[in-house]
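Working notes, beginning with the structure itself.
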Amino acid sequence: MNLINKNMQKIKIKKYINNSNVSRFRFWIQLLSFFLFVYGGYFFIEIGSRLPIFSCPYVEGSPGGCYLIGVQHELHSTWATIFSPRGISILKSLGIFLIFFLFLNKAWCGFVCPLGTLQDWITRLRKMLGFSFVRYGEMSFKRLKSIKYILLFLLILIPLAIKNSFFGLPFLPEGMHTPFCQICPARIILPLFTGDTSQIFVDFTDPATIAMTSLGLIIAALFLVGSFVKKRFFCFFCPMSALQFLFSKIGILRMVKDGDKCTRCGNCSRVCDIGITEIADDVLSKNIVKDDCMMCFKCVEACPEEDALKVKVVNFDIFSATEEGFFKRYGETDDPEHLEKHGLLNSNKEKDE
Amino acid sequence: MLFLKKLKKIEKSVLTYLSGFLISLFLIQPVIAQETIWLSNTPPKSMDKEVKANGMHRLSTLETKKRSARPKSGSKKVKSEYGKAAKDSTNKRYTKNEDKKSKRSYGPPPKKYIQWLRKGSSITDAEYICLNDSTNYQLTLMSPEGKKEGIELVKNKTCYAKFELNEEGYYNAYLIIKKDLGDTLHINIAKAELLNHSCRNGHHKKLEARPVNYYPEITDFEIIRERNPHEDYHYFTSSGNMETYKAIFEGKPLAGVKVRINTEKGWSKTQYTNENGELSTEYIQDYFSSWQELNTREIYYYMLEADYTLKKDINYKGKGYGYIHYSLTMSDGYRPARTMYSSMVWGLVVFLITMVVSVAGIFIYKERRKRPYKEIKFNESNK
Chain A
893 MNLINKNMQK
903 IKIKKYINNS
913 NVSRFRFWIQ
923 LLSFFLFVYG
933 GYFFIEIGSR
943 LPIFSCPYVE
953 GSPGGCYLIG
963 VQHELHSTWA
973 TIFSPRGISI
983 LKSLGIFLIF
993 FLFLNKAWCG
1003 FVCPLGTLQD
1013 WITRLRKMLG
1023 FSFVRYGEMS
1033 FKRLKSIKYI
1043 LLFLLILIPL
1053 AIKNSFFGLP
1063 FLPEGMHTPF
1073 CQICPARIIL
1083 PLFTGDTSQI
1093 FVDFTDPATI
1103 AMTSLGLIIA
1113 ALFLVGSFVK
1123 KRFFCFFCPM
1133 SALQFLFSKI
1143 GILRMVKDGD
1153 KCTRCGNCSR
1163 VCDIGITEIA
1173 DDVLSKNIVK
1183 DDCMMCFKCV
1193 EACPEEDALK
1203 VKVVNFDIFS
1213 ATEEGFFKRY
1223 GETDDPEHLE
1233 KHGLLNSNKE
1243 KDE
Chain B
8 MLFLKKLKKI
18 EKSVLTYLSG
28 FLISLFLIQP
38 VIAQETIWLS
48 NTPPKSMDKE
58 VKANGMHRLS
68 TLETKKRSAR
78 PKSGSKKVKS
88 EYGKAAKDST
98 NKRYTKNEDK
108 KSKRSYGPPP
118 KKYIQWLRKG
128 SSITDAEYIC
138 LNDSTNYQLT
148 LMSPEGKKEG
158 IELVKNKTCY
168 AKFELNEEGY
178 YNAYLIIKKD
188 LGDTLHINIA
198 KAELLNHSCR
208 NGHHKKLEAR
218 PVNYYPEITD
228 FEIIRERNPH
238 EDYHYFTSSG
248 NMETYKAIFE
258 GKPLAGVKVR
268 INTEKGWSKT
278 QYTNENGELS
288 TEYIQDYFSS
298 WQELNTREIY
308 YYMLEADYTL
318 KKDINYKGKG
328 YGYIHYSLTM
338 SDGYRPARTM
348 YSSMVWGLVV
358 FLITMVVSVA
368 GIFIYKERRK
378 RPYKEIKFNE
388 SNK
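Listed in order, the protein sequences are those of chains A and B. In terms of the numbering used here, the first sequence is residues 893 to 1245. In terms of the numbering used here, the second sequence is residues 8 to 390.
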């Protein structure tokens, strides 16, 4: 009897989770994370300096540091230093980054990253104001997605090229140190939440710093405008996302797809903030975490097929797509306005551009 | 009668302080002005090549070109350029044979930070000095955690204090020299506040840069630089900045202390501490150049001298003194003001222009993609 009761309880809990509104849960987690990673330092909270999110050290109240700033500093060294015992620190940092990353995989972007949260809030504002949004066309999507890998490559290469000469070429100017931080919108926008406007400046030290600081301001402005018209605008170009994808297979949080159960209705790709189409089209891959995915699990919520999409921790299912859950979240209606509100309908407001 | 008694008492105390002041002014000050010893981060020209500025705060370290060779098993000595250091009892970690338990028996040695001993008030002309064996001195290094760390005085051609900085944060180095000046015991306290920070180590402790450490158990009299509200490990004093210093005697603020600040560029200012023991000074922008010529990483130095005479009967090394004269020096660097090479106005202009252009671009793009409504009527009757 006890065993039956336990099983019944397990089924009840599973049903409760599968029917729950993960997006609402995500909203609160994002809100808490934003306060933690922007103001946590004021409460003497320390989380770490190799975090897989934009916990920007330029924010006075930041309780930690983004891994990208660390790696740029570490690579701002001569080959002799990198290949000396001091270079072990580079591996150590990578190890710390991976330990953090392992737990949440790319859900760091979807649930924790303050810059991602900010983009979601801008999207909410756009919805409230009734403006339409845009999606990239298929060709643009394919072409633009490589930008994040180029940025990742450059943020590794530039610090190295400041201290070392490649093929006898001259050294890059010191003004380009931490190149990604100089152009990162987090450096300029997140400090504004603590009342710090000191990052809005053009540095006239030398031509390189003039170029980099101006580019940073241009990107910050594009970030605000872009996020207003395109959901998760910056995540598409984010080198952290590219870096995370390189290690996403070892993450303990996984998202899997059962292609046999998929009817290719396209709900999953329609609700995707990034606009990943493979999630609907790819019925062969089990691991459905793509390089642009931020593991927000909206796709699992919008899938009406039993267990077609699942969120797993190692091999344990924690959230699965169910018909009951789908109807609980979206309601049993064919009303186009209702479906459009939930992003399940390609209305005239949603254009491929 | 009572009034006369009180008047005599006041007269006596005024005379005592006046005599102390006159002694300080005419006898001690000229001696002190010549004798002021301070700790400097600037190397003498003879050591320019050996010294390397390390980290973002450009602290002087001894240049180490090669790392020590991995010792062969059974070898008695480490054959490397650190051979000398290996013999030194404070550097046992470099030799495998001397300390087999040491985890780091080879590889690059930890950096040796250097502070030079200099005498005189002028930063550019103060001479590099060495202390005699007979000099009564005490050299102390305190870690950010408030623990005593190793520091030694190396007496080569030029004297310097040599030490390691292993933790992130502010280290305090003190060189205290006691000297007999007749009826006065002269205590020269040369203080250096050294910020050890490397961005490689991350920035998770940046808020800890704020607390100011002072140690009444090491020196009765001390001057501290108060931290600015937004100060972190990346903070630099810069010309045009307002800085506040506080005089502390036996752990309590001390009013009326004469403090003189001299900068490398020759600017000098004398002030007295207020009732809270504080004085604020704005480092004037003492050099000007066009932005193309400005080296924003250039560090200039300033030296702060504080004098305080205490009328107190004390006995030191078997001799009685009527006065103690404290002479404290503290040197640090300052950089060009950020306003000299960065502009928020230009930043806002770039930011706003980009926003306006991108919003206009999106609006035009969307408008151009709008197709006018067209009604297509099929005439089915023709079929």
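C-beta: ideal position from N, C-alpha, C; glycine also. Computed from a prediction, not measured in an experiment: that's the story for all the values here.
Cutoff 7 Å; reference residue i; Cβ partners in own chain excluding five residues on either side
i: Glu134(B); result: Arg125, Lys126 and Gly127
i: Met900(A); result: none
Counted within 10 angstroms of its Cβ, other Cβ atoms place residue i as buried (16 or more) or exposed
i: Tyr934(A); result: exposed
i: Ile306(B); result: buried
i: Ala878(A); result: It is not possible to answer for residue 878(A), since the shown part of chain A is limited to 893 through 1245.
i: Ala367(B); result: exposed
i: Pro1062(A); result: exposed
i: Gly1067(A); result: buried
i: Lys1019(A); result: exposed
i: Lys1182(A); result: buried
i: Ile1166(A); result: buried
i: Leu1017(A); result: exposed
i: Met249(B); result: exposed
i: Ile980(A); result: exposed
i: Phe1045(A); result: exposed
i: Met149(B); result: buried
i: Trp45(B); result: buried
i: Thr336(B); result: buried
i: Tyr380(B); result: exposed
i: Trp971(A); result: exposed
i: Leu923(A); result: exposed
i: Lys898(A); result: exposed
i: Trp920(A); result: exposed
i: Met1132(A); result: buried
C-beta contact flag for residue i and residue j at 7 Å
i: Gln964(A); j: Thr1070(A); result: yes
i: Phe1072(A); j: Leu960(A); result: yes
i: Lys1202(A); j: Val1148(A); result: yes
i: Gly284(B); j: Ala254(B); result: yes
i: Leu1176(A); j: Gly1151(A); result: yes
i: Ala999(A); j: Met1187(A); result: yes
i: Asp320(B); j: Gly329(B); result: yes
i: Leu1082(A); j: Val951(A); result: yes
i: Thr1009(A); j: Phe926(A); result: yes
i: Glu175(B); j: Asn220(B); result: no
i: Gly1217(A); j: Asn913(A); result: no
i: Thr68(B); j: Lys56(B); result: no
i: Arg942(A); j: Phe975(A); result: no
i: Ala1194(A); j: Cys1154(A); result: no
Residue(s) in a DSSP beta bridge with residue i
i: Ile194(B); result: Lys185(B) and Tyr333(B)
i: Ile268(B); result: Lys276(B) and Leu311(B)
i: Phe326(B); result: Here residue 326(B) is Lys; the residue named in the question, Phe, does not match the sequence. For Lys326(B), which the question treats as bridged, DSSP gives the partners Tyr323(B).
i: Arg1146(A); result: Lys1204(A)
i: Phe1211(A); result: Val1203(A)
i: Lys59(B); result: Thr68(B)
i: Ala199(B); result: Ala180(B)
i: Leu1109(A); result: BP columns for Leu1109(A) are empty, so no partner.
Own chain, CB closer than 6 Å to residue i, minus 5 neighbours either side, in chain order
i: His193(B); result: Lys186 and His332
i: Ile945(A); result: Trp1000, Val1004 and Cys1005
i: Leu1112(A); result: In the sequence under discussion, the amino acid at residue 1112(A) is Ala, which differs from the Leu named in the question. Same-chain partners within the cutoff: Pro1077, Ile1080 and Ile1081.
i: Ser1106(A); result: Val1094
Contact set for residue i: own chain, Cβ-Cβ below 8 Å, skip 5 residues either direction
i: Glu159(B); result: Thr97, Leu146, Ala168, Lys169 and Phe170
i: Phe1023(A); result: Phe1120 and Val1121
i: Glu224(B); result: none
Which residues, in order along the segment 1024-1042 of chain A, keep a beta-carbon less than 9 Å from a beta-carbon of chain B?
Answer set for the segment 1024-1042 of chain A: Ser1024 and Val1026.
What are the residues of the segment 165-198 of chain B that lie near chain A, defined by any Cβ-Cβ distance shorter than 8 Å?
Listed by position along the chain: nothing, the set is empty.
Taking only beta carbons into account, state which residues of the segment 331-354 of chain B come closer than 7 Å to chain A, listed in chain order.
Sequence-ordered contacts of the segment 331-354 of chain B with chain A read Tyr348, Ser349, Ser350, Met351, Trp353 and Gly354 [C-beta pairs closer than 7 Å].
Within 9 Å of chain B by C-beta, residues of the segment 1076-1097 of chain A in sequence order:
Legend: CB atoms of the segment 1076-1097 of chain A lying less than 9 Å from CB atoms of chain B belong to residues Ile1080, Asp1088, Thr1089, Ser1090, Gln1091, Ile1092, Phe1093, Val1094, Asp1095, Phe1096 and Thr1097.
Interfacial residues, the segment 1119-1135 of chain A to chain B, with Cβ spacing under 9 Å:
So the list reads Phe1120 and Val1121, given in the order they occur along the chain.
Contacting positions in the segment 353-373 of chain B - beta carbon closer than 7 Å to chain A:
Answer set for the segment 353-373 of chain B: Trp353, Gly354, Leu355, Val357, Phe358, Thr361, Met362, Ser365, Val366 and Ile369.
Identify each residue in the segment 965-984 of chain A for which the Cβ-Cβ distance to at least one residue of chain B is less than 7 Å, and report them in chain order.
Correct list: His965, Glu966, Ser976, Pro977, Arg978 and Ser981.
Which residues of the segment 1102-1118 of chain A have a Cβ closer than 8 Å to any Cβ of chain B? Give them in chain order.
Among the residues of the segment 1102-1118 of chain A, those with a Cβ less than 8 Å away from any Cβ of chain B are Thr1105, Ser1106, Leu1109, Ile1110, Ala1112, Ala1113, Leu1114, Leu1116, Val1117 and Gly1118, in the order of the chain.
Below 7 Å between beta carbons is the criterion; list the residues of the segment 943-960 of chain A that meet it against any residue of chain B, in chain order.
So the close ones are Pro949, Glu952, Gly956 and Gly957.
Residues, ordered as in the chain, of the segment 233-246 of chain B that lie near chain A by beta-carbon distance below 7 Å:
If the cut-off is 7 Å between Cβ atoms, the segment 233-246 of chain B has His237 near chain A.
Quick one, which residues of the segment 1164-1189 of chain A are near chain B if we go by CB-CB under 8 Å, in chain order?
Going along the segment 1164-1189 of chain A in chain order, one finds no residue with a Cβ nearer than 8 Å to chain B.
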